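In the working numbering, the protein residues as written are 16 to 311. Report on the structure given below.
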Amino acid sequence: MGDNLKNTYLGAPARVLEVENLTSIEKLYTLRFLDNDINNKFNFIPGQFVMFNVPGIGEFPVSICSSPTRTGYLQLCIRRAGRVTKYVHENIVEGSIVYIRGPYGNGFPLEEMKNSPIVLVAGGLGMAPLRSILLYHLDTQHFSDLYLFYGVRNYELMLFKREIRTLLRGYYNVHVYLSFEDIDRGARELIRLYRKSIVRGMVTDALEVLRGSVPFEESYAVMCGPPVMYKFVVKKLLDLKVRPDRIYMTLERRMKCGIGKCGHCIVGTSTSIKYVCLDGPVFTYWDVLSTKGLIE
Ligand SMILES: Cc1cc2nc3c(=O)[nH]c(=O)nc-3n(C[C@H](O)[C@H](O)[C@H](O)COP(=O)(O)OP(=O)(O)OC[C@H]3O[C@@H](n4cnc5c(N)ncnc54)[C@H](O)[C@@H]3O)c2cc1C
Ligand code: FES
16 MGDNLKNTYL GAPARVLEVE NLTSIEKLYT LRFLDNDINN KFNFIPGQFV MFNVPGIGEF
76 PVSICSSPTR TGYLQLCIRR AGRVTKYVHE NIVEGSIVYI RGPYGNGFPL EEMKNSPIVL
136 VAGGLGMAPL RSILLYHLDT QHFSDLYLFY GVRNYELMLF KREIRTLLRG YYNVHVYLSF
196 EDIDRGAREL IRLYRKSIVR GMVTDALEVL RGSVPFEESY AVMCGPPVMY KFVVKKLLDL
256 KVRPDRIYMT LERRMKCGIG KCGHCIVGTS TSIKYVCLDG PVFTYWDVLS TKGLIE
C-alpha cells in the first residue's frame with residue numbers, strides 16, 4: 016500500500032493523464048504515478064482520500080473517486096472552492112506533474128457489507144467518494160443490490176452525467192434515483208425518459224417516495240454530502256427503519272497533515288475525541304451520537 020507515500024509530506028509525483036469538465040465548478044482529474052512500482056502497489060479502500068500537492072502553491076485533501084479494482088490510475092473530482100483548487104482548475108492540465116500522498120483515512124467497511132443491499136445517499140459533491148463504491152460494485156458485484164439516491168440542485172450541477180444516464184437505463188442490480196430542486200432543461204429531459212426514477216425536491220423526498228420499494232430494513236446506508244444534509248437524511252433513514260448500526264457517513268473537515276499530527280481536524284470533547292483524518296472520514300451513526308460536533 017505504498018507506505019512511502021504516507022511518510023512524506025511531499026508525496027510521489029504523478030502525471031495528469033486527462034482532465035474532464037464535469038460541471039462549471041468541478042473537474043475530473045485522471046492521474047498516474049511516474050514510478051511504475053507505486054502504480055502497481057498503490058491500493059486503497061473506497062472512502063479513503065489523498066493529499067493533492069502543487070509545490071509552491073499548497074495542498075488539500077480529496078477523496079478518491081475511482082475504484083481500487085481499476086488499477087494503474089487514480090481519479091479525483093475537484094471542485095473549485097478557494098485558493099489552491101482555483102489554481103488547480105486554471106493551471107493543472109493534461110501532462111502536468113502534481114504530488115500525491117496517501118491513501119489516508121479509514122474507508123468504508125466493505126467486508127461487513129458484503130452481499131447485503133446498500134443504499135448510497137449522495138448530495139452534490141458527495142457523489143465523488145460514493146462513485147468509488149458504485150464502480151467497485153459494478154466490477155465485483157459486492158452487494159446484493161445497490162440503490163443510489165443522488166440529490167442535486169439541477170441537472171447542470173450533476174456529476175458523472177454519462178455514467179448516471181447509462182445506469183438509469185437499467186443495470187441488473189443497480190437502481191438509481193435522482194432528485195432535483197430546480198427543473199432545468201436536462202432535468203426535464205430525464206423526467207420525460209425516466210419518470211419513475213426522478214423526484215422534484217430534496218434527496219429525502221426521493222427516499223420517501225421509494226419507501227415501499229427498497230428493502231431499507233435489511234440495508235446498509237452510506238451518505239455523503241454538504242453538512243446541512245446529514246441530520247435530515249439520518250432522521251429519514253431511521254424513519255425508514257435502517258438499523259442505526261448500519262448507517263455510515265463520510266465527513267469533511269479542514270485538514271492540514273492528514274496523518275494525525277497537527278490537530279486541525281479534531282472534533283469532540285474530552286470524553287470522546289476523533290481525528291477526522293485518522294478515525295474518519297467515514298463515521299457511524301453511533302460515533303455521531305457519542306462525539307459532539309461531528310455533524311452540525
Ligand atoms: C476527507 C476530505 C475529502 C474531500 N474530498 C473532496 C473531493 O473529493 N473533491 C473536492 O473538490 N473537495 C474535497 N474536499 C474538500 C477540499 O479539501 C477543499 O475544497 C479544499 O481543501 C479547498 O482548498 P482551497 O485552498 O481551494 O480553498 P480555501 O481557500 O482553503 O477555502 C475556500 C473555501 O472552501 C472552504 N473549505 C475549505 N476546506 C474545506 C473543507 N474541508 N470542507 C468544507 N469547506 C472547506 C473554506 O471554508 C472556504 O469557504 C475534501 C475534504 C476532506 C477533508
Ligand atoms: S489533519 Fe492533522 S491531525 Fe488530522
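Backbone N, C-alpha and C fix where the C-beta goes; we use that ideal spot for every residue, glycine too. Small disclaimer: the values here were computed from a predicted structure and weren't measured.
On the CB-based measure, 16 or more other CB atoms within 10 Å of its CB, does residue i come out buried or exposed?
i: glycine 308; result: exposed
i: arginine 146; result: buried
i: threonine 100; result: buried
i: glycine 17; result: Low confidence applies here, because glycine 17 scores a pLDDT of 47, under 50, leaving its location unreliable and the question unanswered by this model.
i: cysteine 277; result: exposed
i: lysine 246; result: exposed
i: proline 259; result: exposed
i: tyrosine 290; result: buried
i: aspartate 254; result: exposed
i: glycine 26; result: buried
Within the continuous beta strand (DSSP E) that includes residue i, where are the two ends?
i: valine 297; result: 297-299
i: isoleucine 53; result: First-last for isoleucine 53: 51-56, but that is the alpha helix (DSSP H), not the beta strand (DSSP E).
Please name the residue, chosen from the options, that lies closest to residue i on a Cα-to-Cα basis.
i: aspartate 160; options: Asn130, Leu32 and Arg95; result: Asn130
i: serine 305; options: Leu293, Leu266 and Val282; result: Val282
i: glutamate 33; options: Gly240, Asp52, Ile112 and Asn54; result: Ile112
i: methionine 238; options: Val189, Phe164, Ile60 and Thr84; result: Phe164
i: asparagine 55; options: Leu174, Val65 and Arg85; result: Arg85
i: histidine 190; options: Glu204, Met173, Ile213 and Arg203; result: Ile213
i: aspartate 52; options: Lys176, Pro28, Ile288 and Glu41; result: Pro28
i: proline 118; options: Pro242, Val65 and Pro83; result: Val65
i: proline 296; options: Ala236, Thr265, Ile179 and Gly227; result: Thr265
i: tyrosine 300; options: Lys250, Gly227 and Val229; result: Lys250
i: aspartate 302; options: Leu293, Cys292 and Ser287; result: Ser287
i: asparagine 36; options: Phe59, Arg98 and Val108; result: Val108
i: proline 76; options: Cys280, Asp154, Met270 and Ser194; result: Met270
i: isoleucine 148; options: Ser228, Tyr235 and Arg95; result: Tyr235
Would you give the residue range spanned by the alpha helix (DSSP H) that residue i belongs to?
i: valine 229; result: Valine 229 -> no alpha helix (DSSP H), and no H or E assigned at all.
i: methionine 270; result: Methionine 270 -> no alpha helix (DSSP H), and no H or E assigned at all.
i: leucine 293; result: 291-294
i: proline 28; result: Where proline 28 is concerned, there is no enclosing alpha helix (DSSP H), although the beta strand (DSSP E) it sits in stretches over 27-36.
i: phenylalanine 247; result: 242-254
Complete alpha helix (DSSP H) runs within the region 135-165 (minimum length 4 residues, chain order):
142-155
Continuous beta strand (DSSP E) assignments of at least 3 residues falling wholly in the region 65-146:
73-78, 89-94, 112-119 and 132-138
Looking at C-beta atoms only, is the number of pairs between the region 40-54 and the region 85-102 that lie closer than 8 Å three or more?
yes
At least 3 beta-carbon pairs within less than 8 Å: the region 139-151 vs the region 162-177:
yes
Mind the definition here: the region 204-213 touches the region 68-85 only if three or more C-beta pairs lie below 8 Å; say whether that holds.
no
In the region 163-240, which residue ranges form an unbroken beta strand (DSSP E) of at least 3 residues, counting only runs that do not cross its ends?
189-195, 213-215 and 235-239
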